[in-house]
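**Q** Chains A and B, in that order, give the protein sequences. With the working numbering, the residue at position 468 of the first sequence is 468, and numbering never jumps. With the working numbering, the residue at position 51 of the second sequence is 1221, and numbering never jumps.
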Amino acid sequence: MADIQERPHKKRRFFVDGPEQDASFEPQASLPDEIDALPEAEDFSSTANDVTKTHTDDGFDRDMFKAVTGAELREEAFKALRVEFGSNVERAINAYFDGSWKPPPVKKQTEESAFVEASQPHSSNPPASSTPPTASKPAPSPPRPPGLDSMPAKRYIGALGVNGWSTKSGSGLLKDGDVVKIERPVQPSGPQKTAARGGKAKQVGRKNPDVVVRFTDTRGYELGRLEQDVATWMSALIDQKVCHFEGHCIYAPERLRTNDTVILQLRCYLLKGTFEAANFIKPQENNRETGIFEAKETKDERNLRMRQIGLVKLFSEINLQPSRVNATTAKHKREGILQAAEIAEQYEDSSATTKKPSSGKSTPAENGGSSPPSEENEEGEELEQDQLDTLYKKAQSFDFNTPVAEPAVTFVMDLRKYQKQALYWMLNKETSQEPGGHKEQQSMHPLWEEYSWPVKDVEDKDLPAVSGQDSFYVNPYSGELSLDFPVQEQNCLGGVLADEMGLGKTIEMLSLIHTHTSPEQEAAMASASSKKVETVNSLPRLSRTSSTIEPAPATTLVIAPMSLLAQWASEAEKASKAGTLKVLVYYGTEKNIDLKTLCCASNAASAPNVVITSYGVVLSESNTVASAHGGNKGASNGLFSLDYWRIILDEAHMIKNRQSKTARACYELSATHRWVLTGTPIVNRLEDLFSLVRFLRVEPWANFSFWKTFITTPFEKGEFVRALDVVQTVLEPLVLRRTKDMKTPDGEALVPLPPRTIDIEKVILSPPEREVYNHIFARAKRTFAANVEAGTLMKSYTTIFAQILRLRQSCCHPVLTRNKAILAEEDSAAAESDIANGLADDMDLSALLERFQAEEGEQDAARFGSHVLKQIQEEADMECPICSEEPMVEQAVTGCWHSACRGCLLDYIEHQTAKGEVARCFNCREPINARDVFEVVRHDDDDDDDSSEQEVGRLTQAMDIDGDDEEDLYSCTQRPSSAPAKTKPPARITLRRVNQLSSAKITTLLTQLRHIKRASPTTKVVVFSQFTSFLDLLAPALSAASISSLRFDGSMSQKARTSTLATFNERPKFTVLLLSLRAGGVGLNLTCASRVFMMDPWWSFAVEAQAIDRVHRMGQTEPVKVVRFVVEGSIEEKMLRVQDRKKFIASSLGMMSDEEKKAQRIEDIRELLS
Amino acid sequence: MTAPLPKRIIKETERLQTEPVPGISAQPHDDNARYFDVTVQGPDGSCYEGGVFNLELFLPDDYPMTPPRIRFLTRIYHPNIDRLGRICLDVLKNNWSPALQIRTILLSIQALLGAPNPEDPLNEAVAKQWKDNQAEAIKNAREWTKLYAQPKE
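Written out as structure tokens, the structure reads:
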């Protein structure tokens, strides 16, 4: 009191106390609730700051004792045990059980028998979570005088000075040193009892919550109230039974009048109950979606917030500093809470009920714009590109000196150094928290702070210590308090492997699967060899009625997009020594597969080690579980009935929307280790990351309100740096990300990929093609102009767009424009109606196109006499009558069966036609025409398998020839090879109609393919087009040219895809894979190919680039050459310009609303038609 | 010479040397392989018998899409050949086909000498004479042959 110099007019800290502060105060015996020091309390300070808990080196094996007896003994009891039995645990256990040893009695407290009920506060907690941190110092010192054995009902934490104002007047009511009680006005249901909680909630939920805090004299007679600013937070702490305050007067006027200022000193105690987890009402299941969109925060949330603020303010008032905080999160933290709380307050004020608190601004997504079709709306603002870059840059600070781990011997692939480092990292993540793992890695939960209990009170009087409890822990973000060391729970035991595409995430994961197996699996493998049959568990099937979730200790579940299942399976096989890894691809449709039985622990020796399934299967099984089994996951026999050793989500951005059913289904899966693989952990919103964190169950971030408070809300308030910093702390321990362009400190590329070149091949349309193109172009332009004039541009958007589409198609092949299926691909309904209209007024175009159409059935097989074929065959070796080549280059025959080189024949026909003459046979002068020229295809050489694969389409075309390549007949046909074919040993010949009116792109492609084939006969080539119907035309063109090809598109079944990819991989000769841009854009590994042809440009080059990266990725050993076909002087050239411009727009069309998208496209179209 | 000689021309030239057609010769110029000096003997039993006629033959660039250009250098009295030596022969015009060759064309010309066709005249005066007084015409032809088409030696 000596330091009160003047009368304060505002709240003020009078007494700052701390562990080592000045000791000039007398004990205040008058305080009624004081917990008096125990007689032996003098020596506290020596251990005050020691964290003296479990000693692992005192020779007494407590874990063993605990495990056997199940007894949760106090520190004192252990000490006693050790004194009595030394290190002989066995004797101790026996003594415990036979009753010959009793734990020492709990010291009673001196006062307030109501508090004596000092049961072990945390005995209900499982041992693991209550494991206190290990102090490195043993306690060899003689048993010090014990303090309290357990947390008293309340414990002193500090004192503060406050101002109050009197509500009474009179003299002698209050004088310095008088004890006052601090009370809340009586609540309807009685504030002192636990039953009061309901009442409190009501009270807090009111519009203007009552925050009055009174002080009374010892008889309970009200003297005054505390000032509002203090009362605001103090009331919450009192109401929520966090704190108890005791006060005495420091200054009061001699004669008290109403509204006089009174200065009080309050001693603050934390109540025991508040440390008990059950007492803390967390806002329950915050991830339920309704909670997010509730207009107001719930009572629970508000309570939480009030408590949070209260604690932070209290600690700052009593100047209690944490003795330990997590270094990385120390900065920003407290202000953060207060700010966040204030922000929430503002929301409450300003948003009324119209706005959703989850997102202050309406985001584009909420306008229904860019969310993926099948998914619900996403919330949260999108990140700007530079923000994303910054974030990633931080996450990518990969330490090249990370140790490496060698994979298990059963893993047969060679890992690169950085992959071994990934393995090390992953092993670390998986093992760091295992029982008996490395304790030294146990760190305090980043959001918690450690505080030391004061050892002396405000008057420097010693306070009773509580043995084993020198510290308590506060989570200022949740308002939670704990006596137990809050371990940074890595209960996910997994993480995010975010290496950039092509660095080999799959391989890295497979190496982990091989290298880190569960103890159960190892035991099972061991016992499987010794044939020990156990009793019930070894039954081949589990009882049908078993409704628990069975552990599957030998199984890793891999969830991947459908198109990647086969690749996972084949890579898993490739990476494993034969027979060491059992792989099961699970489609969920195989009724006879009972996953639960297959994978359960008792079958661990024979269980599949890797189960590969798709997101779709997970979703549909989760629906089944929800509907058929009433949500009881154990009752099914499918994916959800097991607790896996490990789950891996591949391409995990598939679950980026936390509200999507797929994401929620994935959250429900159980596993010891959880991993997500994705090249883009954040696609464009911070919430994308949340969903991953939620899946990984990274506490506390997996709690959405938590996430929202510290990430979403600040971010939306524009505090980007802070939000991103927090994200950074979330990401850092969780994510491993390397990029392709990373360099080792020596300047070497992480993955020395062979170079990639992209060339643009200008294709020149043939005159008939150009005619078609020009026709469509003119029409599109007219339509556009007409709509601009009429101002109906947006309305007729689909019409115009459909015409643009036709233009693009006509660049590939004129007949494509006739194919409604293509239109359906791009822009369905409206476009089709346009086509319908188009067909009606389209006679010109029809005429133009007719030349490209195939004529069916004009030449039937009956007209081919065998003598004709014989003659043709004989002539084949003769000299060409026109050019004198011998034998003829690509023998062709006229309708009158006269042979010449195909080129000569067609040249001559063209020559005559050009002169305006009727084309006649060079030999018999019969009138002939170009469509009646037949290619003679001889099947005397290879490709028997090919000819069976050949589907001969309707239309194709021939190309120039140069040569001497005997087996290749570079032409295309319109007739199936079967019809006119006659076998005539030794060489079978087939006549196919030549149609030289084909597409320039096909011609160019064939030319190039042929050159490649000649130069390197085993090259594999990938040909991309966005038009599957163009692929339909390419296939027969290739087969006619004796180029073997395969087809891969979205319409194929999974099985067909698998076998296609396998064939492409394994076929030892020149092969072309025809791939639709969309089906082939994601995930596929096509590194066996080294040449890529992009037949048509897409709106954004990124999509093409992604396709190219299927080939140019990890594992590619050859330089990759890419050729992009662009028709000269066409819309395609302009599209390239649009592509260039789009690179400057932050992101592609994906982030715009439909309207914006349309507007943007209209802009594009304007340019395209310019 | 600019463009390399097409294989067809080379082959034809070779064959004209190695398997000559009786009564016909064709020799390319050293400086222009598309330009030939041609001689055709008058067919036996015709009014041109004993005559050796010189012609020039030129293969245009788009040969064999277009026919060779041929002209008599030696004066000849013939209804289908004019005073400048130009020849009226269908295979040299509309009936040309790339399947025809120098050899076949020269044979056709030789045949034309054996069978003049006054119904499709190029030289109206000669054709008229041929129709009005064939004996006189044949006599003139023989005289012209003696006069202009005697082999040098």
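Glycine included, C-beta positions come from ideal geometry on N, C-alpha and C.
Since A/L226 contacts A/L160 with CB under 8 Å, what's their CB separation in whole angstroms?
**A** Actually they are not in contact, since the Cβ atoms of A/L226 and A/L160 sit about 11 Å apart, beyond 8 Å.
**Q** Is the closest heavy atom of the ligand SAH to the C-beta of A/Y473 under 8 Å?
**A** The ligand content of the structure shown is nil, which means the ligand SAH is not present either.
**Q** Tell me whether A/M509 sits in a helix, a strand or coil according to DSSP, three-state version.
**A** DSSP, reduced to helix, strand and coil, places A/M509 within a helical segment of the structure shown.
**Q** Tell me whether A/D759 sits in a helix, a strand or coil according to DSSP, three-state version.
**A** strand
**Q** What does DSSP give as the partner residues of A/A420 in its beta bridges?
**A** According to the sequence provided, residue 420 of chain A is Lys. The question's Ala does not apply to it. The secondary-structure analysis by DSSP pairs A/K420 with nothing; it has no beta-bridge partner.
**Q** Would you say A/F922 reaches chain B, if we count a Cβ-Cβ gap shorter than 9 Å as a contact?
**A** Using a Cβ-Cβ cut-off of 9 Å, A/F922 counts as an interface residue toward chain B, since at least one Cβ of chain B sits closer than that to its own.
**Q** Span of the alpha helix (DSSP H) holding A/C599?
**A** L595 to C599
**Q** Can you tell me whether DSSP reads A/K781 as helix, strand or coil?
**A** helix
**Q** Give a yes or no on whether the minimum CB-CB distance between A/D907 and chain B is below 9 Å.
**A** yes
**Q** Relative to the alpha-carbon of A/W675, which residue among A/W897, A/D462 and A/T556 has its alpha-carbon at the smallest distance?
**A** A/W675 has its Cα closest to that of A/T556, out of A/W897, A/D462 and A/T556.
**Q** Quick one: give me the first and last residue of the beta strand (DSSP E) that A/L1173 is part of.
**A** No answer is possible for residue 1173 of chain A: it lies beyond the span of chain A, which begins at 1 and ends at 1170.
**Q** Rounded to a whole number of angstroms, what is the C-alpha to C-alpha distance between A/K429 and A/I711?
**A** Rounded to whole angstroms, A/K429 to A/I711 spans 24 Å at the Cα level.
**Q** Using a Cβ-Cβ distance under 9 Å, would A/P887 count as near chain B?
**A** Judged by the 9 Å Cβ criterion, A/P887 is not in contact with chain B.
**Q** Mind listing the chain B neighbours of A/H911? Cutoff is C-beta to C-beta under 9 Å, in chain order.
**A** Neighbours of A/H911 on chain B, chain order: D1232, M1235, T1236 and P1268.
**Q** Using DSSP's beta-bridge definition, name the partner residues of A/Y473.
**A** A/E450 and A/S482
**Q** Quick one: is A/P881 near chain B, going by C-beta distance under 9 Å?
**A** yes
**Q** Give the DSSP bridge partners of A/A900, in chain order.
**A** A/A892
**Q** What are the boundary residues of the alpha helix (DSSP H) that A/W701 is part of?
**A** That residue, A/W701, is in no alpha helix (DSSP H); it is neither H nor E in DSSP.
**Q** Tell me which residue opens and which closes the alpha helix (DSSP H) that A/C883 is part of.
**A** No residue range can be given for A/C883, since it is assigned to no alpha helix (DSSP H) and is classified by DSSP as neither H nor E.
**Q** According to a CB-to-CB cut-off of less than 9 Å, which residues of the region 891-902 of chain A neighbour chain B?
**A** Answer in chain order: H898 and A900.
**Q** Give the DSSP-derived three-state secondary structure of A/T672 in the structure shown.
**A** strand
**Q** Mind checking which residues open and close the beta strand (DSSP E) that includes A/Y644?
**A** L642 to L649
**Q** List the DSSP bridge partners of A/W165.
**A** A/R225 and A/T261
**Q** Under three-state DSSP, which class holds A/L1169?
**A** coil
**Q** Taking A/L667 as the reference, which of A/V693, A/R685, A/D650 and A/L677 has the closest Cα?
**A** Correcting the residue identity first, residue 667 of chain A is Tyr in this sequence and not Leu. The residue with the shortest Cα to Cα distance from A/Y667 is A/V693.
**Q** List the endpoints of the continuous beta strand (DSSP E) containing B/N1265.
**A** No beta strand (DSSP E) holds B/N1265; DSSP gives it neither H nor E.
**Q** Identify the continuous alpha helix (DSSP H) that holds A/Y797 and give its terminal residues.
**A** Y797 to C812
**Q** Does the count of Cβ pairs from the region 245-262 of chain A and the region 446-458 of chain A closer than 8 Å reach three?
**A** no
**Q** If I measure Cβ to Cβ from B/Y1247 and keep anything under 7 Å in the same chain, skipping five residues before and after, which residues do I get?
**A** Excluding positions up to five away in sequence, the list reads V1296, N1310, A1311 and W1314.
**Q** Looking only at its own chain, which residues have a Cβ that is under 6 Å from the Cβ of A/G638, when we skip the five neighbours before and after it?
**A** If you ignore the 5 residues before and after A/G638, its C-beta comes within less than 6 Å of the C-beta of L595 and E621, all in its own chain and listed in chain order.
**Q** So for A/D462, helix, strand or coil by DSSP?
**A** strand
**Q** Flag this pair as touching only if the region 1022-1032 of chain A and the region 1065-1078 of chain A have three or more C-beta atom pairs under 8 Å; answer yes or no.
**A** yes
**Q** Can you tell which of B/P1249, B/A1319, B/L1243 and B/R1253 has its C-alpha closest to the C-alpha of B/D1302?
**A** B/P1249
**Q** Measure from the alpha carbon of B/L1225 to the alpha carbon of each residue in B/P1238, B/T1236, B/D1231 and B/V1210, then state which is nearest.
**A** B/V1210
**Q** Quick check on A/E917 - is its C-beta less than 9 Å from some C-beta in chain B?
**A** yes
**Q** Roughly how far, in whole angstroms, is the beta-carbon of A/A405 from the beta-carbon of A/K420, given that I think they are within contact range, below 8 Å?
**A** 6 Å
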